[in-house]
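Chains as they are written, first to last, in our numbering: chain A, 5 to 897; chain B, 5 to 897. Data block below; observations after.
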């Protein structure tokens with residue numbers, strides 16, 4: 005027996021979405037719960053796949069099954085497909101599992117031909133209407149199925165309007181329509197070489213084929229690529245008996261949401277038109293009315309509709325997006341689906357529905373896309389605003405900001421302090437620019453990836469940032485940047501010009517744009533409190549400053565998972581001391597510089613530990629290579645070369661130049677000594693701690709002195725000292741001893757007893773692979789998945805994202821960007837090994853993650869699955885992480 | 005009962021080396037096979053460890069066990085320790101498991117005091133002799149055990165010589181000696197605060213303590229560090245009754261090897277002195293005689309000695325290094341051990357002993373240290389030559405060469421072609437220098453590590469190279485380099501000065517030095533043929549050129565494991581075309597350049613496949629990032645800056661400068677576009693193949709066209725096409741298809757059928773972790789352990805070796821440099837995972853290794869253990885690998 009390719013609506017149900025498509029499954033469901041749905045049938049997605057498997061041939065018995073099903077529809081309605089007297093007309097719609105713009109949408113009135121058009125006239129007693137249906141059908145069908153030119157039809161239409169002297173198509177007389185239909189058919193023959201099919205079954209077959217084909221048109225393919233929808237799902241085809249909303253004033257059509265999709269308020273939200281078909285609403289010829297007005301116009305229908313909305317919400321236990329048609333005073337449901345909504349609405353609806361006992365907390369948690377919370381946490385550009393986008397870079401730190409262009413950090417600082425709103429624009433930022441970044445509303449750079457200095461600093465500060473905007477050509481000398489315009493020429497934006505940046509999308513926009521302010525409603529807090537009840541994994545934040553820690557705490561973080569001490573080294577007033585330390589010729593000189601840094605670091609740690617009092621704070625000792633704190637090598641080379649040239653050509657000031665040259669050359673020499681071919685894999689992390697134990701020693705002392713001070717002041721503190729980049733147990737053993745010795749020394753000096761733990765980042769494959777050994781020396785592990793992804797893939801993030809990950813996406817080489825979504829197969833496998841081996845050695849081992857994946861929902865789910873104790877992310881992602889962690893717990897319970 | 009700390013010689017045996025030390029175990033063994041050994045006892049290494057465990061206290065009952073054993077020795081000899089009439093005198097010697105210079109060596113004549121010295125006089129009838137023994141004992145014991153000053157004794161000795169007016173100590177009269185002994189004792193009391201101990205048992209206890217302590221003196225610790233000997237082995241102490249070789253002309257002492265340790269010839273090799281003690285031989289006062297002369301002087305003793313040598317060789321089945329003493333015409337054996345030997349001797353002795361049926365082939369294989377074969381494969385500096393070493397760099401490519409200093413590749417080429425011997429000296433080399441390298445005898449660079457361009461190219465060519473010689477300051481302008489001298493000042497070496505370099509040790513030497521030429525003896529060939537019989541793992545070579553392939557084949561390689569195609573791109577005449585390809589603005593331009601490269605690459609592949617006809621050749625498609633083929637960014641920046649300055653200051657030639665400036669800036673822009681932060685983790689390997697499929701397409705075509713040509717000419721070829729740097733199966737699937745399509749196209753075009761395989765490097769952790777998937781698309785795996793080590797450790801080799809691996813060695817953080825000895829725990833774990841997962845998917849998967857570890861014995865053993873099919877290494881390491889592979893098979897059979 006052949007496979008079942010065709011289902012009557014009454015044979016399906018909502019759960020059969022992958023077979024019947026979203027639309028078909030819901031039509032079936034509505035039919036079966038007794039709602040008024042025009043009868044019809046659905047051709048399965050499997051039929052579509054079989055069609056492609058057979059080299060674009062229909063699978064065996066498909067059309068005979070369609071015919072058989074159609075006969076049952078005919079029986080139900082007492083009409084016959086192709087019957088000149090009482091013809092059954094149908095609509096044909098695609099219906100994929102995920103709704104997909106770009107695919108063929110709808111063919112209405114299929115079944116009309118030169119004969120059945122008379123039957124329709126008969127049945128409706130309206131020749132003009134019947135003819136208009138027919139000419140629309142020819143137009144739509146010839147366009148979509150036969151490939152005739154849309155413009156040619158418009159051309160003919162126009163000529164008839166002119167001839168008859170009317171403005172709108174609906175003013176055309178039956179005679180005009182009749183003549184026009186003949187012209188249409190001639191034109192179709194001429195341009196497509198085919199006669200317009202008169203056989204309704206041939207029409208239907210053509211329409212089904214067109215739906216199948218539209219699955220693989222360019223727009224659909226691109227849409228699937230962007231939305232990561234598999235190519236092998238296929239589309240279903242819905243063939244449904246026609247109902248008409250445009251047969252008179254007791255007819256109409258409309259769409260409605262059961263709740264406000266923008267705010268979540270529990271009121272019907274939608275619009276309708278009397279005497280109109282769906283396409284009229286879309287065409288915008290008449291302005292639709294608010295759904296509430298239907299109550300006055302058709303009270304009975306309205307009551308029935310409200311009732312059905314209630315049934316559907318209860319049935320689907322979710323806010324519904326509904327299409328309906330009224331024919332001759334009778335209400336017909338054409339579609340229902342879960343309604344799309346804003347983040348704010350999603351939160352409110354979820355919380356309200358729990359209070360209405362429609363869903364439980366676990367379900368509520370799953371109703372909100374964690375990533376959408378970002379909208380609620382940052383200012384954003386009003387989505388209705390009209391924008392002039394002048395360039396697009398990487399969305400490095402969410403939010404949006406408008407301000408005057410400034411190219412210099414000092415100027416940014418000065419202007420910012422006067423209250424001026426500014427956007428700091430740089431090719432890239434360095435630690436030298438921090439004071440300018442602090443005062444800027446937003447940061448825009450032309451180079452650097454999602455982990456560039458600008459991006460990392462901005463995210464941490466919750467400041468918006470667009471980086472790596474490569475079409476921007478910045479000319480510091482002229483104090484302007486140039487971008488190519490859409491027209492192909494170049495446009496300059498000068499210092500003081502106003503621009504806006506959208507850190508959530510990467511857009512750079514001309515001028516000031518309207519913004520929506522973030523608001524954290526009580527529903528938001530309620531939902532997240534439920535998430536906290538449900539989730540089993542802790543959520544901490546990555547923060548380096550007391551104010552960031554406070555922000556994180558306000559967002560619900562219960563600890564700091566990563567406090568990067570190098571950001572403290574990079575503060576503008578400290579950099580000279582850090583440089584002095586680096587340029588030291590020997591241990592004694594270095595210790596002099598370190599002694600100056602000690603009280604500063606102590607103050608840093610004091611502040612952050614105090615802000616997080618009662619919660620653990622994981623402090624990572626110095627991680628980046630030392631050359632990051634020194635001037636750029638190329639800049640120095642240019643300086644030196646210029647001075648040499650000046651010496652050669654200019655006669656004056658030789659003395660002064662020579663002395664400066666000597667100084668710069670000495671600095672250049674040091675920079676060159678520290679130069680690394682692959683700094684990512686270079687002299688950093690614990691490797692620094694081993695070659696310069698005095699640096700880590702100073703940091704440990706600063707931590708413990710701050711701890712002792714706080715304990716004396718009565719604060720509860722839980723410091724965790726973290727050694728970065730360990731690859732071998734011996735590294736950790738050596739440095740752990742240094743930390744323990746320092747703690748004991750500080751306890752002895754201050755007479756204060758305090759608790760602390762020592763642990764390590766797991767961010768290099770070898771550490772994961774030998775976690776059983778490393779756990780002997782570590783009280784905790786924290787996965788640094790940014791670096792672990794870099795080393796596991798052998799991808800330098802900065803290089804990969806700008807050089808080849810784009811090609812990888814286009815060619816579908818990698819399913820996801822592994823720097824955004826944790827790679828479970830590779831990186832995840834190492835994490836799993838590390839957790840298992842680590843806990844085998846030390847069952848009480850605390851394990852967390854502090855890479856950027858710690859704030860990404862799918863990655864958080866993986867962390868939940870392998871049993872991590874906490875995730876840690878930037879403060880503004882803490883709510884997202886809390887929600888995602890709860891979803892992971894529900895999904896995998 | 006207490007532990008047994010003391011063994012009489014007759015209680016031990018050779019196998020107890022770890023308990024009794026090497027010397028003690030062999031004394032016991034000789035005693036038990038009936039050879040004449042002066043009776044004695046050995047205190048175990050466990051006693052030494054117990055001593056340290058007890059805070060430097062003797063373990064319980066140690067001295068009582070010593071006393072009991074000593075009583076048995078007394079009984080055997082009829083003498084008594086401390087007996088004024090007939091005293092037993094003993095020597096006390098340290099005896100670690102591995103012989104260790106730097107530890108306390110020997111105390112002789114222990115047991116002498118003011119009374120027993122008379123007993124010795126009585127027994128020997130020689131008062132002068134007895135007194136001389138006593139004063140020597142006081143001197144030695146006070147120095148070693150009591151810490152008296154050696155110089156003070158010499159001072160007193162000198163005063164007595166002066167007083168008596170004699171030149172040598174042995175001319176001193178008994179009276180002088182007697183008086184001197186009193187002076188010695190006074191001096192010892194004065195300088196050490198202790199009386200010289202008169203109680204022999206106290207003397208013995210002090211000597212034992214001194215031996216134990218010497219285990220942890222600075223020199224011993226450093227020696228263990230260098231030779232990687234564990235610190236917890238401890239040393240044994242041998243207490244042996246004295247025999248005297250200096251009691252008259254029927255006495256003597258000597259050392260001998262049972263075969264020539266330099267050549268391996270089977271003739272007794274050694275020397276002796278009549279009427280002398282061991283220390284006299286060392287002191288060099290008299291010249292020892294060749295051992296053969298003993299036959300005339302003491303025929304019976306000589307015959308007995310020859311006989312004993314035979315017994316010992318048969319017993320130990322190895323060449324022996326023997327110490328003996330003759331007292332009153334009686335021969336005593338004082339030590340035997342396996343003799344150290346040169347590589348040449350090791351090979352000859354091993355092969356000879358198989359022919360003598362002394363050992364079997366498996367044993368012979370194990371008798372030669374694979375690394376030592378290097379000596380036989382390269383010229384080397386005569387080890388007896390006196391050298392002026394002026395600097396030391398990294399031993400980048402073994403061998404040695406002398407030649408005139410040249411700083412420029414063009415000049416090197418020109419001079420080299422005239423037959424001049426030259427050493428090319430550069431800060432670092434680039435592909436531009438290849439023509440100079442080819443003509444040079446050796447390469448010396450001041451920058452770059454073991455994988456720098458110079459090092460890699462030199463190893464491949466079998467040319468000697470010292471690189472990263474950082475004390476060298478090269479001044480191209482002055483055509484000289486400057487090095488600091490030992491005296492602390494600077495010395496310049498100019499172009500044309502002659503230097504020598506030793507690529508096996510990294511030494512740079514002034515002037516020409518005597519060299520030893522390599523010679524591959526028939527024994528060498530025999531031994532390696534046995535290795536081939538025994539080993540189960542294949543040995544291939546890494547080679548890029550036909551002549552290298554031929555060399556590898558001559559050394560016994562049975563295939564090419566890695567043919568790097570980029571080296572072909574770097575040839576001087578091709579670089580401009582490669583650059584043209586890179587600078588192409590679009591696909592069309594790039595294809596024009598690629599079309600020019602195609603015939604060149606085809607010729608390359610033709611040559612190497614032909615040279616290796618009958619064997620597989622694994623060709624890796626382009627691997628390095630494209631910027632490696634472009635000029636250095638900093639150089640371009642300097643150029644541009646100079647031109648800008650010239651424009652500013654100089655008025656003439658503005659036009660010309662401007663045009664050149666524009667061109668250079670364009671190039672700089674491209675270089676900057678290609679710039680990477682971490683090129684090691686950047687846009688290279690298959691990532692290039694995916695973004696520029698036309699490059700890999702050209703290479704695949706060149707390979708297959710060469711294959712078709714060779715097949716037509718009747719050659720058997722086995723091409724393996726290797727895709728580098730795969731991290732995800734999709735990369736390999738995409739590129740494999742490209743290769744397969746190309747092969748099919750070439751077969752269709754040429755009408756020639758040929759076989760080939762497609763596989764991948766496993767050089768990134770993710771590839772190893774997902775090997776089960778990757779094996780679906782790969783017919784072979786080849787471990788690129790250089791890169792795999794870099795990514796598994798997160799160590800950039802270039803940076804790690806120059807920046808922090810030194811500290812790691814000093815602090816014993818890592819047991820070995822993982823770039824030299826494969827890290828079994830981390831990298832090895834990944835390899836094991838990859839082999840298991842890969843073979844689970846594809847049981848017939850061919851797996852090899854082509855990183856530098858492929859030529860390192862311990863790494864080869866690991867490859868054997870995890871079941872690899874082959875190792876591949878540079879041609880000159882092929883013999884080493886063959887031997888190491890055989891040893892691995894024997895050791896793990």
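Heads up, the beta-carbon is just placed ideally off N, CA and C, and yes, glycines get one too.
Taking a 10 Å sphere around the C-beta of residue 42(A), we find 16 or more other C-beta atoms and assign the residue as buried. The C-beta distance from residue 535(A) to residue 887(A) rounds to 5 angstroms, short enough to fall under 8 angstroms. Between the alpha carbons of residue 590(B) and residue 737(B) lies a distance of about 25 angstroms.
Within chain B, no C-beta atom comes less than 9 angstroms from the C-beta of residue 235(A); the nearest is roughly 14 angstroms away.
Among the residues facing chain B, residue 734(A) is included, as its CB has a counterpart in that chain under 8 angstroms away. For residue 178(A), same chain residues with a beta-carbon under 7 angstroms away, outside a window of 5 residues either side, are 131, 132 and 135 in chain order. In this structure residue 404(A) is in contact with residue 505(A), their Cβ atoms being roughly 7 angstroms apart against a cut-off of 8 angstroms. Taking C-beta atoms under 8 angstroms as the contact rule, residue 765(A) and residue 728(A) qualify, at a distance of about 5 angstroms. Taking 8 angstroms as the threshold, the shortest C-beta distance from residue 762(B) to chain A does not fall below it.
Comparing alpha-carbon positions, the option among 758(B), 298(B), 854(B) and 756(B) lying closest to residue 548(B) turns out to be 854(B). Around the Cβ of residue 457(A), a 10 Å sphere holds 16 or more other Cβ atoms; the residue is buried. With the criterion set as a beta carbon lying under 7 angstroms from some beta carbon of chain A, the members of the region 762-787 of chain B are 768, 769, 770, 773 and 774, in sequence order. Setting aside the 5 residues that flank it on each side, residue 69(A) is surrounded in the same chain by 9 and 10, each with a C-beta closer than 6 angstroms to its C-beta; the list follows chain order. A direct Cα-to-Cα measurement between residue 880(A) and residue 763(A) gives close to 26 angstroms.
Judged by their CB atoms, residue 893(A) and residue 834(A) are not nearer to each other than the 8 angstroms cut-off. Ranked by Cα distance from residue 711(B), the first of 387(B), 698(B), 760(B) and 680(B) is 760(B).
Residue 17(A) is positioned such that its CB atom lies no closer than 8 angstroms to that of residue 339(A). Of 185(B), 851(B) and 145(B), the smallest CA-CA separation from residue 783(B) is found for 851(B). In the three-state scheme derived from DSSP, where H, G and I count as helix and E and B as strand, residue 357(A) is classed as helix.
Counting along the chain, residue 765(B) sits inside the beta strand (DSSP E) bounded by residues 761-766. CA-to-CA, the gap between residue 348(A) and residue 267(A) works out to about 6 angstroms.
Short of 8 angstroms from the beta carbon of residue 607(A), and not among the five residues preceding or following it, lie these beta carbons of its own chain, in chain order: 710. Measuring C-alpha to C-alpha distances from residue 440(A) to each of 412(A), 465(A) and 638(A) identifies 412(A) as the nearest. Under the Cβ distance rule, residue 649(A) counts among the residues neighbouring chain B, one pair being separated by less than 8 angstroms.
At least one CB of chain A lies nearer than 8 angstroms to the CB of residue 653(B).
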